[in-house]
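Each residue of the sequence shown is one higher than the one before, counting from 7 in the working numbering. Just so you know, even glycine gets a beta-carbon here, dropped at the ideal spot from N, CA and C.
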Amino acid sequence: MTTSKPKSSAPRSRTGSTNKDYRRRSGQKKTAADYPAPVPRQTTQTLTGDATATPCIVLKDGREKSLLRRHPWVFSGAIAQVNGTPASGDTLAVRDAEGHFLAWAAYNASSQITARVWSWDEHEIIDAAFFQRKVAAALAARTMLKLADASSGMRLIHGESDGLPGLIVDRYQDVLVMQVGSSGVERWRDTLADALQELCAPVCIYERSDSDGRELEGLEIRNGVLRGTLPEQLEVTEHGLRFAVDVSHGQKTGFYLDQRDNRALTGEFARDKEVLNCFCYTGGFSLYALRGGAKSVLSMDASEEALQLARRNVELNSLDASRAEWECADVFVALRKLRDQNRKFDLIILDPPKFAPTAAFAEKAARGYKDINLLGFKLLRPGGLLFTYSCSGGINEDLFQKIIAGAALDAGVDAQIVHHLHASADHPVLLSFPEGAYLKGLLLRVA
Ligand code: SAH
Numbered sequence: 007m008t009t010s011k012p013k014s015s016a017p018r019s020r021t022g023s024t025n026k027d028y029r030r031r032s033g034q035k036k037t038a039a040d041y042p043a044p045v046p047r048q049t050t051q052t053l054t055g056d057a058t059a060t061p062c063i064v065l066k067d068g069r070e071k072s073l074l075r076r077h078p079w080v081f082s083g084a085i086a087q088v089n090g091t092p093a094s095g096d097t098l099a100v101r102d103a104e105g106h107f108l109a110w111a112a113y114n115a116s117s118q119i120t121a122r123v124w125s126w127d128e129h130e131i132i133d134a135a136f137f138q139r140k141v142a143a144a145l146a147a148r149t150m151l152k153l154a155d156a157s158s159g160m161r162l163i164h165g166e167s168d169g170l171p172g173l174i175v176d177r178y179q180d181v182l183v184m185q186v187g188s189s190g191v192e193r194w195r196d197t198l199a200d201a202l203q204e205l206c207a208p209v210c211i212y213e214r215s216d217s218d219g220r221e222l223e224g225l226e227i228r229n230g231v232l233r234g235t236l237p238e239q240l241e242v243t244e245h246g247l248r249f250a251v252d253v254s255h256g257q258k259t260g261f262y263l264d265q266r267d268n269r270a271l272t273g274e275f276a277r278d279k280e281v282l283n284c285f286c287y288t289g290g291f292s293l294y295a296l297r298g299g300a301k302s303v304l305s306m307d308a309s310e311e312a313l314q315l316a317r318r319n320v321e322l323n324s325l326d327a328s329r330a331e332w333e334c335a336d337v338f339v340a341l342r343k344l345r346d347q348n349r350k351f352d353l354i355i356l357d358p359p360k361f362a363p364t365a366a367f368a369e370k371a372a373r374g375y376k377d378i379n380l381l382g383f384k385l386l387r388p389g390g391l392l393f394t395y396s397c398s399g400g401i402n403e404d405l406f407q408k409i410i411a412g413a414a415l416d417a418g419v420d421a422q423i424v425h426h427l428h429a430s431a432d433h434p435v436l437l438s439f440p441e442g443a444y445l446k447g448l449l450l451r452v453a
């Protein structure tokens, strides 16, 4: 494992045919006036990755502030000019309007997020050793937190928050699933896979690069084995429960690792309760509730494949299937039906898919969250518990709480917050990147 830092005193230029890293010698400070006049990028600039150029990104005056706060994204609107003819995936220097170095970042000509930061250190060399160090650091953080004690499934790399913008790596036992969501990671994909292979020795690295975000980044969809062989059957054991995981066809990378500890919390409150689990996927929360002694668990999801796996998971754990009922349904419709039938529950889980990927969708998403939560409150018996979540990047914790408060008000119930809930510790959130805190939840108790 290579962990030594590159020599900081002698910035070098890497001008191989791939992985270009355009850097300027120290002492060659320029100002924006030294650069050619901005060109309308969409018409005249050909992004060919000319190795002889020393391209960089120059920000508009005043738009360096978020980088100075170490937020790792450069939006297209903040850019005064792209100097030279870089190709997407190239490593470029980002400079303020006066030419001061701000960061090394991966360029993407096709994205609103035109650059994502690799490093704030002008002397850093973005090469294979750099990525090896980043991967090793992410693994060391998980080891230090003793996360493997709780689960054989774990997020090993959580994108920006682990210093690798656009890269997700989840481990399911000895299989790694890699999700590439930025042109920078796309460029270094094989290098990253090599580092993961060397440091984790998995039997397989599987690539699930088919998230919605890839299209926004102008990247094509990819789904298949990258290294090794994928075992036919794969499962993880999480807090003592076994879950079958389908990494090639399942949602996300196969399983929702982020809810691990919230699922365990649900199990602790489930004894003798009538439970309703909405958006159950492969039965995560339902299995914890069954093991925790729930009287009954009604679970609903729109995906028949997910429900099939959920039933198999009940069998895998020898849980009492007679207490579990599975319904393939649209939760928005099914909740209304339950309300009309005057059904009541003691514990309800609402863990819907992402309604608002970005803030632009927040208003519509807010209506969705309010709708299901209002119905959830109405279906709860007095003293009942509601576990409610949002994994929408476009809805922050504050707004989510306000939406839930509005839902309770309209449902005519008083509710207390018992717990603020978040993703498990293998999904850390970089302080300078609040977007990393996409999963937020509340445990509420109605009066
Ligand atoms: N709680 C789950 C993860 C839920 S992910 C766990 O712990 O594993 C969200 C789920 O919502 C997905 O399984 C998806 O199939 C389902 N879904 C999406 N839209 C739906 C709808 N309108 N009605 C019911 N299920 C829906």
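Any non-hydrogen atom of the ligand SAH within 8 Å of residue i CB
{"i": "VAL337", "result": "yes"}
{"i": "ASN283", "result": "yes"}
{"i": "PHE261", "result": "yes"}
{"i": "ARG269", "result": "yes"}
{"i": "ILE355", "result": "yes"}
{"i": "ALA429", "result": "no"}
{"i": "GLY382", "result": "no"}
{"i": "ALA417", "result": "no"}
{"i": "SER309", "result": "yes"}
{"i": "GLY290", "result": "yes"}
{"i": "GLN257", "result": "yes"}
{"i": "TYR375", "result": "no"}
{"i": "TYR287", "result": "yes"}
{"i": "ALA312", "result": "yes"}
{"i": "GLN265", "result": "yes"}
{"i": "PRO92", "result": "no"}
{"i": "MET306", "result": "yes"}
{"i": "PRO78", "result": "no"}
{"i": "PRO388", "result": "no"}
{"i": "PRO61", "result": "no"}
{"i": "PRO237", "result": "no"}
{"i": "PRO358", "result": "yes"}
Buried/exposed call for residue i, threshold 16 Cβ in 10 Å
{"i": "GLN185", "result": "buried"}
{"i": "HIS255", "result": "exposed"}
{"i": "HIS164", "result": "buried"}
{"i": "LEU445", "result": "buried"}
{"i": "THR37", "result": "Confidence at THR37 is low in this model, with a pLDDT of 48, below 50, so its placement is unreliable and no value can be given for it."}
{"i": "GLU238", "result": "exposed"}
{"i": "GLY157", "result": "Residue 157 is actually Ser in this sequence, not Gly. Classification of SER157: buried, given that the 10 Å Cβ count is 16 or more."}
{"i": "LEU415", "result": "exposed"}
{"i": "LEU353", "result": "buried"}
{"i": "GLY230", "result": "exposed"}
{"i": "SER328", "result": "exposed"}
{"i": "ILE211", "result": "buried"}
{"i": "ARG387", "result": "exposed"}
{"i": "MET510", "result": "This structure leaves residue 510 out entirely; the chain is present only between 7 and 453."}
{"i": "ARG161", "result": "buried"}
{"i": "PRO78", "result": "buried"}
{"i": "ALA121", "result": "buried"}
{"i": "THR149", "result": "exposed"}
{"i": "HIS425", "result": "exposed"}
{"i": "LEU145", "result": "buried"}
{"i": "GLU130", "result": "buried"}
{"i": "ASP336", "result": "exposed"}
{"i": "GLY299", "result": "exposed"}
{"i": "GLY159", "result": "buried"}
{"i": "SER292", "result": "buried"}
Residues that residue i bridges to, as DSSP identifies them
{"i": "GLU226", "result": "Answer is none; GLU226 lacks a bridge partner."}
{"i": "LYS446", "result": "SER396 and HIS428"}
{"i": "GLY234", "result": "CYS210"}
{"i": "ARG451", "result": "LEU391 and GLN422"}
{"i": "CYS284", "result": "MET306 and LEU356"}
{"i": "LEU386", "result": "PHE351"}
{"i": "SER438", "result": "Per DSSP, none; premise fails for SER438."}
{"i": "SER157", "result": "GLU244"}
{"i": "SER215", "result": "ARG228"}
Any chain B beta carbon closer than 9 Å to residue i
{"i": "ASN402", "result": "You won't find chain B in this structure, because it holds only one protein chain."}
Residue i beta carbon near the ligand PLP (any heavy atom closer than 8 Å)
{"i": "PRO363", "result": "Ligands present in the displayed structure are limited to the ligand SAH, and the ligand PLP is not among them."}
Go through the stretch 159-192 residue by residue and report every complete run of the alpha helix (DSSP H) that reaches 4 residues or more, in order.
-> Taking 4 residues as the shortest admissible run, the stretch 159-192 contains no complete alpha helix (DSSP H) segment at all.
Would you mind listing the alpha helix (DSSP H) stretches within the stretch 49-126 that are 4+ residues and don't spill past its ends, in chain order?
-> Within the stretch 49-126, the complete alpha helix (DSSP H) runs of at least 4 residues fall at 71-74.
Length at least 4, wholly inside the stretch 306-364: the alpha helix (DSSP H) runs in chain order | Within the stretch 306-364, the runs of alpha helix (DSSP H) that reach at least 4 residues and sit entirely inside it are, in chain order, 310-322 and 337-346.
Which whole runs of the alpha helix (DSSP H) in the stretch 231-280 are 4 residues long or more, in chain order?
-> Counting only runs of 4 or more, we get 266-274.
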